[in-house]
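Structure first, then comments.
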Amino acid sequence: MSFTLLLRLVFFLLAALAVAALSTQNDARPHFVRAQDDPPAVPGPRTTNVELVLEDNGKESLPRLMLPVQVGSTGATVNTYLSGGNSDCIFSTASFDPTNSTTAIGRQRVFRNPYGGSSSGDLLADTLETGGISISNYTMGSIKGPNRFGVCGIRWLKEGATSLFGRSAAYRSFVYPYKSSGAIVRATFGLALDLNGASTFSLGTSLHEVASDHWVRVDTEAPGSWSMHGAIAGVADYMTINPAMTSIMVSPEQATEIMHSIGVVPVVDSNEDVIATYLCTQPPSIVVTIGNVNVSLTRTVLTYAKDKDGRCILPITGTKGYNDIPMMGTPFIASLKELVFDYDELALGIVPL
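Using mature numbering (1 follows the signal peptide of the UniProt record, and there is no 0), the letters of the sequence shown correspond one by one to residues -20 to -1, 1 to 333.
Rendered as structure tokens:
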């Protein structure tokens, strides 16, 4: 199995974790509502901005954003994926080897490898620094392997749920220890993704003011993913925000319906996924609606990826075997000024261009 295919399977599995609980609760999906009160404030004496790294996936895919973090006594920098499928931070030993860190403390525990491998991971505590804000004794996972890899989860935990490391609902994503340690006042972070310039992660604050009617609350009965009701090109469904996705991932049936609604022809590629291409001079118009906010996918997003014939590839994929709610990744986030995650209010702030 190629490393590219392995990574694809990794993020598909992590994405599936984030939405699987929605399918097993009952047939009636929860009702997600927009916040009606004042928007959550995001003050804090300690905030940080750090430039994101965009993973080069080749011409046929949009990039995946990665957050540079520094780990351990050596300050090893690991470009880390932000995943909607878990709540913890996990690093491969090729990216960060805890045996080389004088501040690493073993937890004498193992956790299940979430990537489908037969080996388990080791728990340890060490220093984790994001944009100059450093906290010690941060519990993280370590998986032995030759490939450089890091992932930190943005999923919040509902009451009664536990993370991969056995954490309870008092723990809300990898940013929460920064608040509990006093490093930041509010458990928030923002993503500003620019495919042609500097992309920024803000911890403990937001880069832009979010209008009061541009906050969308998630339902606390949901399994912990950033899910809400919306529509893609008029095709309504629930959707989950997952920055680890390089496309908008939907089922083959949803992809066909969306493609017909925007006037492009769906085709089945060699992976048996439903895709569409078009002349780059004539990209389709696609509007994503969440709450009161209409987000038009930008021309840059719609003309970024190209096939071998120079035709632009629609950043919406009907993935074979995927039959759950749409997963919103790079195309959606890159069509905004900023996307703000507030764990104290469990609200998503959308700042349109």
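Positions of the beta carbon are idealized from the N, C-alpha and C atoms, including for glycine.
### Query
What separation, rounded to the nearest whole angstrom, lies between the Cα atoms of residue 186 and residue 323?
13 Å
### Task
Mind listing, in chain order, the continuous beta strand (DSSP E) runs of no fewer than 3 residues lying wholly within the stretch 203 to 276?
207 to 212, 215 to 221, 228 to 230, 267 to 270 and 273 to 276
### Message
If contacts are defined as beta-carbon pairs under 8 Å, then residue 326 and residue 198 qualify, I think. What distance do you get, rounded to the angstrom?
### Response
5 Å
### Task
With DSSP collapsed to three states, give me the class of residue 279.
Looking at residue 279 - three-state DSSP - the assignment turns out to be helix.
### Query
Just checking, does the stretch 273 to 291 make contact with the stretch 174 to 182 on the three C-beta pairs under 8 Å criterion?
yes
### Message
Given a cut-off of 8 Å on the beta-carbon distance, is the pair residue 235 and residue 247 in contact?
### Response
no
### Query
Can you list, in chain order, the residues of its chain whose CB lies under 8 Å from that of residue 294, leaving out five sequence neighbours each side?
239, 244, 255, 256, 257, 258, 264 and 282
### Query
Which whole-angstrom value describes the C-beta separation of residue 228 and residue 332, a residue pair presumed to lie in contact below a C-beta threshold of 8 Å?
Between residue 332 and residue 228 the Cβ distance is about 17 Å, and since that is not below 8 Å, they are no contact.
### Environment of residue 223 [buried if 16+ CB atoms lie within 10 Å]
buried
### Message
Do residue 213 and residue 241 have their beta-carbon atoms positioned less than 8 Å apart in this structure?
### Response
yes
### Message
Taking the alpha-carbon of residue 205 as reference, which of 285, 218 and 194 has the nearest alpha-carbon?
### Response
218
### Task
Report yes or no: do the stretch 68 to 80 and the stretch 114 to 129 share at least 3 C-beta pairs separated by less than 8 Å?
yes
### Task
Identify whether residue 379 lies in helix, strand or coil by the three-state DSSP scheme.
Outside the displayed range of the chain (-20 to 333) lies residue 379, so it cannot be described from this structure.
### Query
In terms of residues, what are the limits of the alpha helix (DSSP H) holding residue 118?
Membership of residue 118 in any alpha helix (DSSP H) is not indicated; the residue belongs instead to the beta strand (DSSP E) covering 113 to 123.
### Task
Pull up the distance between the alpha-carbon of residue 334 and that of residue 284, whole angstroms please.
Shown here, the chain extends from -20 to 333; a query on residue 334 therefore has no answer.
### C-alpha gap between residue 190 and residue 314, whole angstroms
17 Å
### Query
Beta-carbon separation of residue 60 and residue 130 under 8 Å?
yes
### Task
Provide the residue span of the alpha helix (DSSP H) that contains residue 323, from first to last.
Element bounds for residue 323: n/a, residue is neither H nor E.
### Message
Restricting to Cα atoms, I'd like to know which of 188, 298 and 287 is closest to residue 330.
### Response
The candidate whose alpha carbon is nearest that of residue 330 is 188.
#### Entry: Beta-carbon proximity check, residue 137 vs residue 122, cutoff 8 Å
no
### Task
Have a look at 132, 35 and 80 and flag the residue whose alpha-carbon is nearest the alpha-carbon of residue 54.
80
### Message
Which runs of the beta strand (DSSP E) at least 3 residues long sit entirely within the stretch 149 to 204? Give them in chain order.
### Response
168 to 172, 180 to 183 and 195 to 197
### Query
Is it right to say residue 65 is buried, meaning 16 or more other beta carbons lie within 10 angstroms of its own, or is it exposed?
buried
### Message
On the CB-based measure, 16 or more other CB atoms within 10 Å of its CB, does residue 304 come out buried or exposed?
### Response
buried
### Message
Tell me the DSSP secondary structure of residue 311 in three-state form.
### Response
helix
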